[in-house]
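Student: Take this structure first; my questions come after.
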Amino acid sequence: MKSGKSVCLMAAAVLGAGVMPVPAEASFYSGEELLKVCTAQRGSAAYVENTYECIAYITGSVDAFNTYRRTISMKSCIPEDVTIAQLRRVTVAYLQDNPGKREEAGSALVFAATRQAWPCAKKAR
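When you line the sequence shown up against mature numbering (1 follows the signal peptide of the UniProt record, and there is no 0), it's residues -26 to -1, 1 to 99, in that order.
Dropping the structure here:
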């Protein structure tokens, strides 16, 4: 997957500025909250910060899924050449198309969005 060090550094700076404890069973974002930051109005005062929060959350979620898959000896189903913009588009589309699921954890919805966009191949028996 394509990513830039500058994006990660900026995301870390943005996220580091608002460090707060979160209970173990809670998530940082619900789907509703994730949709809000990912669809901030261009030109608004919060646009830049929200854009970085959105891409940092989505890419962090995808990295976590892929790390877990590697630990259980499975390959990622997401193409290696996927871009951050593609990840954001499929996530936002999934959130918009599934309003009844937006109370769920944002990371679970990122996972669902990527699985819908790039389903894993079925194993032959």
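We put the beta carbon where it would ideally sit given N, CA and C, even for glycine.
#1: Using beta-carbon positions only, say whether VAL84 and SER4 come within less than 8 angstroms of one another.
#2: Kindly indicate which three-state DSSP category VAL79 falls into: helix, strand or coil?
#3: Quick check: GLU6 and ARG63, are their CB atoms within less than 8 angstroms of each other?
#4: Do you know how far the Cα of THR88 is from the Cα of VAL11?
#5: Tell me the residue span of the alpha helix (DSSP H) that contains SER4.
#6: Ignoring anything shorter than 3 residues or poking outside the segment 10 to 93, list the beta strand (DSSP E) runs there in chain order.
#7: On the criterion of 16 or more Cβ atoms from any shown chain inside 10 Å, does TYR31 qualify as buried, or is it exposed?
#8: By Cβ distance below 6 angstroms, which residues in the same chain neighbour SER50 in space, the five residues on each side in sequence not counted?
#9: Grab me the residues of ALA14's own chain with a C-beta within less than 7 angstroms of its C-beta, minus the 5 sequence neighbours each way, in chain order.
#10: Apart from the five residues on each side of it in sequence, which residues of its chain come closer than 8 angstroms, Cβ to Cβ, to PRO93?
Tutor: A quick look at the data gives this:
#1: no
#2: A small fix is needed here, since residue 79 is Ala in this sequence, not Val. Three-state result, ALA79: strand.
#3: no
#4: 18 angstroms
#5: Counting along the chain, SER4 falls outside any alpha helix (DSSP H), and DSSP gives it neither H nor E.
#6: none
#7: buried
#8: ASN40, ARG43
#9: ALA20, TYR21, ASN24, THR25
#10: CYS51
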